[in-house]
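Colleague:
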Amino acid sequence: MKRVVLPGVAAVIVIGLVWAAPRHRATAPRLRVEPTQLAADGYDTALVTIDRRSDAPPRVSVEPAHAATVEEVEATDLGYRARIRAGVMPAEVTVRVEFPGDPALRVPLTVTLAVNDSAGDGTPDFLRLDDAADRRAFRLWFAFLAEAQYFQALEQRPAEINDCAALIRYAYREALRAHDGAWATAAQLPILPGIPAVVKYQYPYTALGGNLFRVTPGPFRPADLGSFAQFADAKTLQLRNTYFVSRETNRAEPGDLLFFRQDQEHMPFHSMIYLGASQIEKSDARYLVYHTGPGEEGAGEIRRPTLDELRRFPDADWRPLVENPRFLGVYRWNILRPIS
0 MKRVVLPGVA AVIVIGLVWA APRHRATAPR LRVEPTQLAA DGYDTALVTI
50 DRRSDAPPRV SVEPAHAATV EEVEATDLGY RARIRAGVMP AEVTVRVEFP
100 GDPALRVPLT VTLAVNDSAG DGTPDFLRLD DAADRRAFRL WFAFLAEAQY
150 FQALEQRPAE INDCAALIRY AYREALRAHD GAWATAAQLP ILPGIPAVVK
200 YQYPYTALGG NLFRVTPGPF RPADLGSFAQ FADAKTLQLR NTYFVSRETN
250 RAEPGDLLFF RQDQEHMPFH SMIYLGASQI EKSDARYLVY HTGPGEEGAG
300 EIRRPTLDEL RRFPDADWRP LVENPRFLGV YRWNILRPIS
């Protein structure tokens, strides 16, 4: 007996089998973020709730990366919860949530400019290092980077360091960077210290971009983003970016600045960096480091006297003593000013 195959039957059966197959796709997670807007102060937080259970936690990330940080992802009864901390750079942020094997889901979050200036000194609070560990990290990096230039070969020293303020600007800016491998290669430092990084933010990822130094008087206001620059001379550093501590050098801490005003028409303001103990050489002495600036004899040089040596300097106008009217005193960075 001949077997008869009817046209189209096989196709119908196959299609029927495909449609009859059960589907095992997981339900799409539901996301919500509260609040939907944060202040770019380095501390404000939002919670992203992810309503979906899974054997493996989701990967949570933010874009752009420096506008916010994913602090933790923890399991809940209904799924997961992620804590997002604002950076200090205003941005429209996208929070990305991705479970293994599934397409990524996204939820928006707005990070807005933080305008507080608690001290009224022109430095916005988003730049201030409120955490004691951050303040210590900054001090150590700032002092180390300045001292390292004294030991650096001239041909490897950054060309920008040509006077006292330039050395300060360099060390300040680089102390606030992320000190990764690429940075270490570019810096060409003789040694690298085991100093923790500043956590609150890294240069240049702030609302000010590359412009770190206040150059105009008055407290910070929302329209003042243009009142900062990458360049600031010694006078501007003293008046707009630091605050007076004392005329007693015994009250100086590593990373503080000493300012002098000399009777000179050319560059009357001069500054030195107080190092305290050396981070490079073993010694009980307390050091300072400064660049002499250009003069009649050439481009100048970086010097690193001890505090005792400077107190006995042959020219009395350069002695950091209370009785010296040319010595303006010890000053501290505004970003280290304590705010109650």
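The letter at position 62 of the sequence shown is residue 61 when you use numbering that gives the first Met the number 0, and the numbering goes up by one with no holes. Think of the CB as a built atom: it goes at the ideal place given N, C-alpha and C, for glycine as much as any other residue.
(1) Does the beta-carbon of Q36 have 16 or more other beta-carbons within 10 angstroms, so that it is buried, or is it exposed?
(2) Cα separation between R303 and E146?
(3) What residue range is occupied by the uninterrupted beta strand (DSSP E) comprising A398?
(4) Roughly how far, in whole angstroms, is the beta-carbon of V94 from the beta-carbon of V110, given that I think they are within contact range, below 8 Å?
(5) Does DSSP classify F230 as helix, strand or coil?
(6) Counting pairs of Cβ atoms below 8 Å between the segment 161-172 and the segment 134-149, do you hit three or more?
(7) Any contact between the segment 111-131 and the segment 194-203? By contact I mean 3 or more CB pairs, one from each, below 8 Å.
(8) According to DSSP, is D316 part of a helix, a strand, or is it coil?
(9) Considering Cα atoms alone, identify which of V321, Q278, R31 is closest to L191.
(10) Could you tell me which of A164, G254, R31 sits nearest to I301, measuring between CA atoms?
(11) Buried or exposed: D262, going by 16 or more other Cβ atoms within 10 Å of its Cβ?
(12) So, at 7 Å on beta carbons, what are the nonlocal neighbours of R325 in its own chain, with the 5 sequence-adjacent residues on each side left out?
(13) Quick check for students: name the residue ranges of the alpha helix (DSSP H) that lie wholly in the segment 257-313, counting only runs of 4 or more.
(14) Using only the alpha-carbon positions, how far apart do D50 and A113 sit?
(15) Give the straight-line distance between the Cα atoms of P99 and S60, rounded to the nearest whole angstrom.
(16) Nearest CA to the CA of Y273: which residue from D283, R80, H290, G254?
(17) Does DSSP put Q155 in a helix, in a strand, or in coil?
(18) Measure the CB-CB distance between L335 and R134 and report whether it falls below 7 Å.
(19) Of the residues P293, A74, N115, A38, which one's Cα is nearest the Cα of E338?
(20) Please classify S343 as buried or exposed, where buried requires at least 16 neighbouring CB atoms within 10 angstroms.
(21) Where A132 and W140 are concerned, what is the direct C-alpha to C-alpha distance, given to the nearest angstrom?
(22) Less than 7 Å between the C-beta atoms of R58 and E97, yes or no?
(23) Which same chain residues end up closer than 6 Å to E70 when comparing Cβ atoms and leaving out the 5 residues on each side of it in sequence?
(24) At a Cβ threshold of 7 Å, is D43 touching chain C?
(25) Is R127 near the ligand COA, judged by its Cβ being under 6 Å from some heavy atom?
(26) V329 to F243, Cα distance in whole Å?
(27) Tell me the rounded alpha-carbon separation between L327 and V72.
(28) Which word fits L108, buried or exposed, when buried means at least 16 other C-beta atoms lie within 10 angstroms of its C-beta?
(29) Excluding the 5 residues preceding and the 5 following E62 in the sequence, name in chain order all residues of the same chain whose CB lies nearer than 8 Å to its CB.
(30) Give the straight-line distance between the Cα atoms of Q151 and E173, rounded to the nearest whole angstrom.
(31) Would you call G180 buried or exposed, if buried means 16 or more other Cβ atoms sit within 10 Å of its Cβ?
(32) Would you say P218 and G119 are within 7 Å of each other, going by their C-beta atoms?
(33) T48 and R80 - do their beta-carbons sit closer together than 7 Å?
(34) Can you name, in chain order, every residue of its own chain whose Cβ lies under 6 Å from the Cβ of T215, other than the five neighbours on each side?
Modeller: Reading from the atomic positions:
(1) exposed
(2) 8 Å
(3) Because the chain spans 0 through 339 in this model, residue 398 falls outside it and cannot be assessed.
(4) At roughly 11 Å, the Cβ-Cβ gap does not stay under 8 Å, so V94 and V110 are not in contact.
(5) coil
(6) yes
(7) yes
(8) helix
(9) Q278
(10) A164
(11) exposed
(12) F259, R260, Q261, D316
(13) 306-310
(14) 31 Å
(15) 14 Å
(16) G254
(17) helix
(18) yes
(19) It should be pointed out that residue 338 corresponds to Ile in this sequence rather than to Glu. Checking every option, the nearest Cα to that of I338 belongs to N115.
(20) Nothing about residue 343 can be reported from this structure: the residues present for the chain run from 0 to 339 only.
(21) 12 Å
(22) yes
(23) R82, R84
(24) No chain C is present in this structure, which holds just one protein chain.
(25) As for the ligand COA, it is missing from this structure, which has no ligand bound.
(26) 6 Å
(27) 51 Å
(28) buried
(29) V92, T93, R95
(30) 15 Å
(31) exposed
(32) yes
(33) yes
(34) S226
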